[in-house]
Amino acid sequence: MILDSLLGMYDRLSESEKKVASYILERPDDVIHHSITEFARIVGVSETTIYRLVRKLKFDGYQSFKIELTKQTSGARIYPTSAKDAFDEYVDQMRSFIDRLPSTLKKEDVQKVADWMIQSQKTIFFGVGLSAVAAEYGSLLLSLLGFPSFYYNDPHAQVIVATSLSDKDVVVSVSHSGNIRDTVKSTQVAKDVGAKTVAITAGIGSPLASVADVVLYSPTARFEKHEFLRGNLGELVVVEILFRTILKKIYSEKEEHLNGLSEVLRPKRYEGERE
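All you need for my numbering is the position in the sequence shown, starting with 1, plus 487.
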């Protein structure tokens, strides 16, 4: 999808390219009616800038780009711009998110990573900032299934831990943009010592994606000018899908463990009164 690709590479574009990308993301239906000369005049950039962005999207020219954009925007709008309250706007975004998830996340990659985790000696999750939330969540879910799993949100601790890993370990690095230098460095160190590396990111072609053995791409919920407003719902969903995939693979052999865990957790809950 063109819009997903633009979201994934947005933070790595030049300022003039960002102006073009923002216009496409906010008004895709308008773009298909403009020639490259008209589009350049409207956005306030050169035709060369538009052509350069189109090439980054893997199109040979502006015309082929417009044809594909027309196909992709002929159905429901992906990024509605009409004025709505926060609740309705969020519901629309989530519908769009679910619709686009199958086009970004490959089932075969999820299966491969799930198998790695099941067979690994331990799985380590890396993430900083908001991405640390998804990393911690992934580590907790895997631990609930009885697999050794840990997460680290401190960049220095990540590097220290990464140097002690081996080819029997798996590292899952979470970064919405894929541009966080510390996360990329920690992942590279883990890969250099032989660990299997996985990236969970919306950053298509990002630095993190380039160093990971397998990339699980998550769709961005919507376009926001400021990256920190885009949230990490996509990464949380990918973590949840991984968990469910692993659970389906090992449920019968881990059922005794899960039953035991339920008993351990029972005293932690308030039980409702029974009549």
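Glycine included, every Cβ here is placed at the ideal spot set by N, Cα and C.
Model, not experiment: these values are computed from the prediction.
**Study point:** Contacts around residue 667, its chain only, beta-carbon distance under 8 Å, and the 5 residues preceding and following it disregarded
**Key:** Against the sequence shown, residue 667 aligns to sequence position 180. Around residue 667: 615, 616, 618, 695.
Practice item. State yes or no: is the C-beta of residue 591 within less than 7 Å of the C-beta of residue 704? Key: Stepping through the sequence shown from its first residue, residue 591 is reached at position 104. Stepping through the sequence shown from its first residue, residue 704 is reached at position 217. Going by C-beta atoms, residue 591 is nearer than 7 Å to residue 704.
Review point. Among 642, 635, 548, which has the Cα closest to the Cα of residue 655?
Key: Taking the sequence shown and counting its residues from 1, one reaches residue 655 at position 168. The option with the nearest alpha carbon to residue 655 is 635.
Check your understanding: Would you call residue 754 buried or exposed, if buried means 16 or more other Cβ atoms sit within 10 Å of its Cβ?
Key -> Against the sequence shown, residue 754 aligns to sequence position 267. It is exposed - the Cβ of residue 754 has fewer than 16 other Cβ atoms within 10 Å.
Practice item. Indicate the three-state DSSP secondary structure (helix, strand or coil) for residue 763 in the structure shown. Key: In the structure displayed, the chain extends from 488 to 762; residue 763 sits before or after that span and is not available.
Exercise for review: For residue 701, collect the residues of the same chain with a Cβ closer than 7 Å to its Cβ; drop the 5 residues on either side in sequence, then sort them by chain order.
Suggested key: Sequence index remark: in the sequence shown, residue 701 carries index 214 (1-based). Closer than 7 Å at Cβ, skipping near neighbours: 596, 599, 600, 685.
Exercise for review: Quick one: residues in its chain with C-beta nearer than 6 Å to the C-beta of residue 609, no 5 flanking neighbours on either side, listed in chain order?
Suggested key: Locating residue 609 in the sequence shown gives position 122, counting from the first residue. Within the same chain, residue 609 has close Cβ partners 635, 656.
Exercise for review: Specify the secondary structure class of residue 667 as computed by DSSP and reduced to three states.
Suggested key: Position 180 of the sequence shown, counting from 1, holds the residue named residue 667. Residue 667: coil per DSSP, three-state reduction.
**Study point:** Residues near residue 557 in its chain [Cβ-Cβ closer than 8 Å; skip 5 each side]
**Key:** Stepping through the sequence shown from its first residue, residue 557 is reached at position 70. For residue 557, where only same-chain residues beyond five positions count, the Cβ hits under 8 Å are 519.
Exercise for review: Sort out for me which residues DSSP pairs residue 611 with in a bridge.
Suggested key: Along the sequence shown, read from residue 1 onward, the residue named residue 611 stands at position 124. Its beta-bridge partners are 637, 658.
Check your understanding: Going straight from the alpha carbon of residue 639 to that of residue 678, what length do you get?
Key -> Counted from its first residue, the sequence shown places residue 639 at position 152. Counted from its first residue, the sequence shown places residue 678 at position 191. Cα to Cα, residue 639 sits roughly 16 Å from residue 678.
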